[in-house]
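Student:
In my numbering, the protein residues as written are 8 to 339.
What follows is the structure, encoded as structure tokens:
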């Protein structure tokens with residue numbers, strides 16, 4: 008028994024060594040990419056973690072080294088607060104989560120519905136429609152954000168001008184109104200009118216990506232399955248639930264994961280449409296972290312803030328992976 012116990016780890020080491028020798032050429036191929044990733048990703052990440060435990064500020068860029076402050080930055084962010092107008096980490100986090108999951112839900116729902124509509128046999132001009140619908144997603148986020156900001160302008164925006172032309176109130180302060188439309192202090196959720204303005208802009212921007220993924224998945228489903236379902240007496244609704252949705256799931260789950268990460272860190276739309284206003288009510292974590300650096304220059308605090316964001320996003324990814332079973336093998 009002792010011989011078997013000793014040989015177990017040795018056999019595993021020999022197996023790993025054998026696998027390394029067999030894959031030596033493959034490792035050499037990926038080595039340049041790994042070195043590039045180490046330089047542009049791993050090193051900045053580790054450096055940011057180090058900065059988060061210091062009082063690094065703008066003055067430390069050229070003068071002396073910063074002082075270590077331990078967990079002080081994290082305590083200030085999470086508990087004591089920061090000298091930033093209307094700052095509350097819990098409120099920003101709740102808003103960020105609500106923003107993420109409501110956006111992704113509509114992105115996926117609209118994307119699948121439009122893909123189903125454009126997948127109907129004999130629909131004239133479906134290729135033209137698909138090309139047109141991709142335009143919002145293809146436009147640079149900066150341009151989209153500025154266009155939507157101008158559309159919501161109180162005096163010269165297209166939305167208010169349209170309302171005035173049909174005899175309705177056309178002086179709505181879409182981006183500046185501070186009175187919340189939704190106020191749920193029990194969970195810390197405050198939604199001003201500007202939230203719905205930026206929400207509409209981001210839904211317009213995000214659903215075409217889901218449509219493209221859903222379209223590709225729909226076109227890969229064999230038509231024989233629908234014919235067999237019709238023979239078995241399945242209605243259109245049953246075919247959707249029993250055939251279509253299960254078969255597009257392997258393609259949609261990774262797209263949803265990407266959508267969650269992109270929407271959680273959707274800096275461009277928030278910053279260029281509302282700039283986090285009014286009074287910080289549409290601030291998300293990534294825009295708040297940016298403002299700690301510019302204009303405040305608090306690099307140490309901003310680093311700690313971004314480390315917290317990284318941990319939160321990692322936790323969300325693990326939870327959604329487990330719920331959606333995204334990493335499990337799929338067998339048709």
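Yeah, the Cβ is synthetic: ideal placement off N, Cα and C, and Gly gets one too. Because the structure is a prediction, the values reported are computed rather than measured.
How is residue 70 classed by DSSP in three states: helix, strand or coil?
Tutor: Coil.
Student: Please state if the CB of residue 276 and the CB of residue 148 are separated by a distance shorter than 8 Å.
Tutor: Cβ atoms of residue 148 and residue 276: closer than 8 Å.
Student: Between the alpha carbons of residue 221 and residue 258, how many angstroms are there, rounded?
Tutor: Going from the Cα of residue 221 to the Cα of residue 258 covers about 7 Å.
Student: Touch check for the region 288-298 and the region 158-174: three-plus C-beta pairs under 8 Å?
Tutor: No, the region 288-298 is not in contact with the region 158-174.
Student: Can you tell me which of the three DSSP states residue 191 falls into?
Tutor: Residue 191 falls in the strand class under three-state DSSP.
Student: With distances taken between CB atoms, is the gap from residue 64 to residue 296 smaller than 8 Å?
Tutor: For residue 64 and residue 296, no; Cβs fall outside 8 Å.
Student: Tell me whether the beta-carbon of residue 310 lies closer than 8 Å to the beta-carbon of residue 32.
Tutor: It is not a contact, given that the beta carbons lie outside the stated cut-off.
Student: Run through DSSP, which three-state label would residue 241 get?
Tutor: Note: residue 241 maps to coil in three-state DSSP.
Student: Would you mind reading off the limits of the alpha helix (DSSP H) that contains residue 198?
Tutor: Looking at the DSSP string, residue 198 is not in any alpha helix (DSSP H); the run it does join, the beta strand (DSSP E), is 196-198.
Student: Smallest Cα separation from residue 180: which of 240, 159 and 205?
Tutor: Measuring from the Cα of residue 180, the nearest candidate turns out to be 159.
Student: For residue 78, which residues in the same chain have their Cβ closer than 8 Å to its Cβ, ignoring the five residues on either side in sequence?
Tutor: Answer for residue 78: 60, listed in chain order.
Student: Does DSSP put residue 61 in a helix, in a strand, or in coil?
Tutor: In this structure, residue 61 counts as strand in the three-state DSSP scheme.
Student: Just checking, does the region 227-236 make contact with the region 129-138 on the three C-beta pairs under 8 Å criterion?
Tutor: Verdict: no, contact absent.
Student: In this structure, what does DSSP give as the bridge partners for residue 75?
Tutor: Looking at the DSSP assignment, residue 75 forms a beta bridge with 61.
Student: Just verifying my parser: in three-state terms, what is the DSSP assignment at residue 85?
Tutor: Helix.
Student: State the Cα-Cα distance for the pair residue 190 and residue 196, rounded to the nearest angstrom.
Tutor: Distance between the alpha carbons of residue 190 and residue 196: 6 Å.
Student: Report the residue from 187, 165 and 185 whose alpha carbon sits nearest the alpha carbon of residue 177.
Tutor: If we check each option's Cα against that of residue 177, 165 comes out closest.
Student: Between the beta-carbon of residue 115 and the beta-carbon of residue 267, is there less than 8 Å?
Tutor: No, Cβ-Cβ distance for residue 115 and residue 267 is not below 8 Å.
Student: Use the C-beta contact count for residue 102: other C-beta atoms within 10 angstroms, 16 or more gives buried, fewer gives exposed.
Tutor: So residue 102 ends up on the buried side.
Student: Measure the beta-carbon distance from residue 212 to residue 151 and round it to whole angstroms, keeping in mind my assumption that it falls under 8 Å.
Tutor: Residue 212 to residue 151, Cβ: 6 Å. Contact.
Student: Would you give the residue range spanned by the alpha helix (DSSP H) that residue 144 belongs to?
Tutor: Start and end: 133-145.
Student: In whole angstroms, what separates the C-alpha of residue 153 from that of residue 186?
Tutor: About 24 Å.
Student: Measuring straight from C-alpha to C-alpha, what distance separates residue 162 and residue 143?
Tutor: Cα to Cα, the separation comes out at about 25 Å.
Student: Compute the beta-carbon to beta-carbon distance between residue 84 and residue 312, rounded to the nearest angstrom, for a pair I have assumed lies under 8 Å.
Tutor: Indeed they touch by this definition, with Cβ atoms about 6 Å apart.
Student: Can you list, in chain order, the residues of its chain with a C-beta nearer than 7 Å to that of residue 219? Leave out the 5 residues immediately preceding and following it.
Tutor: Around residue 219: 141.
Student: I'd like the span of the alpha helix (DSSP H) that includes residue 116, first residue to last.
Tutor: Segment 96-125, the alpha helix (DSSP H) holding residue 116.
Student: My guess is that residue 117 and residue 214 are in contact by the Cβ rule of under 8 Å, so how many angstroms apart are they, rounded?
Tutor: About 4 Å; that satisfies the 8 Å criterion.
Student: Any beta carbon from chain B within less than 8 Å of residue 289's own beta carbon?
Tutor: Considering every chain present, this structure includes no chain B. It has just one protein chain.
Student: Going by C-alpha distance, which of 328, 246 and 243 is nearest residue 260?
Tutor: Comparing Cα positions, the closest option is 328.
Student: Grouping DSSP H, G and I as helix and E and B as strand, with all else coil, what is residue 234?
Tutor: Three-state result, residue 234: helix.
Student: Tell me the residue span of the alpha helix (DSSP H) that contains residue 151.
Tutor: 148-158 is the span of the alpha helix (DSSP H), which, as asked, contains residue 151.
Student: Nearest CA to the CA of residue 320: which residue from 240, 209 and 108?
Tutor: Cα-wise, what sits closest to residue 320 is 108.
Student: Between which two residues does the alpha helix (DSSP H) holding residue 261 run?
Tutor: Where residue 261 is concerned, the enclosing alpha helix (DSSP H) stretches over 252-271.
Student: Rounded to whole angstroms, what is the Cα-Cα separation between residue 274 and residue 226?
Tutor: Approximately 33 Å, taken between the alpha carbons.
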